[in-house]
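> In terms of our numbering, the sequence shown is residues 16 to 104.
Before I ask anything, let me first share the structure, which is written out below as structure tokens.
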Amino acid sequence: MKRRIEQKLVDWKNGENRKPLIVNGARQIGKTYSILEFGEKNFKNVIHVNLETDSVVVDIFEKNITPAYILNRLEGITGEVISPTPRRH
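Right, here's the structure in full:
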């Protein structure tokens with residue numbers, strides 16, 4: 016099923032000054048499914064963390080919000096290497 020969110024995700028991915036993505040909306044409408052499917056089709060690696068249910072991840076953000084700290088801790092928790100996307104000029 017093609018969802019309206021797909022084009023918005025493509026636009027975000029191709030944006031010149033892409034910033035972190037926040038998706039919100041009603042419960043049980045397919046947000047997580049759509050984002051994970053998009054991520055797997057468009058990126059080499061995808062990690063999924065849920066700040067509502069994962070207290071370990073929440074703790075990371077409560078201690079220190081510097082990007083280097085957050086990425087380092089998320090790498091440790093997920094076992095994935097996270098490398099920021101190079102900036103486009």
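Built from N, CA and C at the ideal position, the CB exists for glycine as well.
#1: Could you tell me the distance, in whole angstroms, from the CA atom of ASN32 to the CA atom of ASP26?
#2: In angstroms with no decimal places, state the Cα-to-Cα distance between ILE20 and SER49.
#3: Can you confirm whether ASN79, when its beta carbon is compared against all beta carbons of chain C, has any partner nearer than 8 Å?
#4: Starting from ARG88 and walking both ways along the alpha helix (DSSP H), at which residues does that stretch end?
#5: Just how far apart, CA to CA, sit ASP74 and LYS34?
#6: Answer yes or no: do LYS46 and GLY40 have a C-beta to C-beta separation smaller than 8 Å?
#7: What does a CB cutoff of less than 8 Å around VAL72 pick up in its chain, not counting 5 residues either side in sequence?
#8: Could you check what DSSP says for THR68 in three-state terms: helix, strand or coil?
Reading from the atomic positions:
#1: Reading the sequence shown from its first residue, position 17 is the one you call residue 32. Reading the sequence shown from its first residue, position 11 is the one you call residue 26. So the alpha carbons of these two residues sit roughly 11 Å apart.
#2: Taking the first residue of the sequence shown as 1, we reach residue 20 at position 5. Taking the first residue of the sequence shown as 1, we reach residue 49 at position 34. Roughly 7 Å separates the two Cα atoms.
#3: Note that chain C does not occur in the displayed structure, where there is just one protein chain.
#4: The count along the sequence shown starts at 1 and reaches residue 88 at position 73. Its alpha helix (DSSP H) spans residues 82 to 93.
#5: For the purposes of this step, residue 74 is taken as residue 59 along the sequence shown, with counting starting at 1. For the purposes of this step, residue 34 is taken as residue 19 along the sequence shown, with counting starting at 1. Answer to the nearest angstrom: the Cα atoms are 23 Å apart.
#6: If you number the sequence shown from 1, residue 46 lands on position 31. If you number the sequence shown from 1, residue 40 lands on position 25. Contact: yes.
#7: Locating residue 72 in the sequence shown gives position 57, where the first residue counts as 1. Once the five neighbours on either side are set aside, the close Cβ partners of VAL72 are VAL64, ASN65, LEU66, LEU89 and ILE92.
#8: To locate residue 68, count along the sequence shown from 1; it is residue 53. Three-state result, THR68: coil.
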